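*Asks:* Here it is, the structure, as structure tokens.
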Amino acid sequence: MIAPLSAPPSAPSRADLPPEADLPAEAVERTSRLIRQHGSRSDALIEVLHQVQELYGYLPPGALAQVARELKLPLAQVFGVASFYHLFRLGAPTAHRCAVCLGTACFVKGGGELAARLERRLGLRLDDAAGNGTWALEHVSCLGACGQAPVLVVDGHLEPRLPVDDPAALDALLGALGLSANDASDAGTDARADGSGTGAR
Ligand code: FES
2 MIAPLSAPPS APSRADLPPE ADLPAEAVER TSRLIRQHGS RSDALIEVLH
52 QVQELYGYLP PGALAQVARE LKLPLAQVFG VASFYHLFRL GAPTAHRCAV
102 CLGTACFVKG GGELAARLER RLGLRLDDAA GNGTWALEHV SCLGACGQAP
152 VLVVDGHLEP RLPVDDPAAL DALLGALGLS ANDASDAGTD ARADGSGTGA
202 R
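At position 20 of the sequence shown the residue is numbered 21 (my numbering), and the sequence of numbers has no breaks.
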């Protein structure tokens with residue numbers, strides 16, 4: 002039986018968000034400037050969010066509140082768009098990233114179990130950009146490596162044919178890749194150095 006994956010984060014209320022005063026004044030001013038460059042048009046929301054993400058490296062809650070106010074949009078709508086699109090990050094980027102493929106070929110070969118195992122092992126939620134502070138885990142739909150399913154991408158390196166049916170071997174491999182809570186060791190680099198990864202993405 003496939004373990005259920007975590008629910009996506011829910012929209013915060015305005016009271017949950019820190020004030021813009023917590024953000025660098027220069028970044029707040031630049032955000033206002035770029036919103037004005039778009040004529041403060043609400044239909045420029047996605048473009049504005051892209052530019053704000055370039056500014057901070059992600060979308061801080063205070064910046065979402067500023068965008069909502071200055072585009073005169075409900076905060077829930079701004080948060081909804083930011084959380085819907087995969088390319089937006091709601092948390093500061095983590096040092097390490099892992100992507101688990103949940104495309105059809107990988108899913109039928111245990112991609113769902115693999116994702117759930119990684120959530121438990123790393124102590125994080127799938128597609129939560131904040132991850133556990135060191136690792137973030139996201140899902141992808143297909144990496145073009147269906148013949149090697151199930152696959153993971155660890156810091157940009159493809160790891161093929163994960164032994165989902167052999168928990169001991171799987172745990173050993175995930176450990177060698179550094180995929181342990183609060184373990185950002187270079188073990189993954191060491192494992193790939195001996196040729197276990199293909200280096201493709
Ligand atoms: S479905 Fe996973 S690589 Fe294609």
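Glycine included, C-beta positions come from ideal geometry on N, C-alpha and C. All figures in this text were calculated on a predicted structure; none of them were measured in a lab.
1) What are the start and end residues of the alpha helix (DSSP H) that includes Leu123?
2) What are the boundary residues of the beta strand (DSSP E) that Leu153 is part of?
3) Report the residue from Val53, Ala117 and Asp23 whose alpha carbon sits nearest the alpha carbon of Ala100.
4) Nearest by alpha-carbon distance to Leu115: which of Ala96, Gly92, Gly134 and Val152 is it?
5) Spatial neighbours of Val53 within its chain, please: C-beta separation below 7 angstroms, excluding the five flanking residues on both sides.
6) Can the beta-carbon of Thr105 be found less than 8 angstroms from the beta-carbon of Gly132?
7) Where do the ends of the alpha helix (DSSP H) carrying Ala169 lie?
8) Is Leu88 buried or exposed, if buried means 16 or more other CB atoms sit within 10 Å of its CB?
9) When you compare only the Cα positions, how much space is there between Ala182 and Cys147?
*Replies:* Reading from the atomic positions:
1) Gly113 to Leu123
2) That run of the beta strand (DSSP E) goes Leu153 to Val155.
3) Ala117
4) Val152
5) Thr32, Leu60, Ala64 and Val68
6) no
7) Pro168 to Ala177
8) With fewer than 16 other Cβ atoms inside 10 Å of its own Cβ, Leu88 counts as exposed.
9) 28 angstroms
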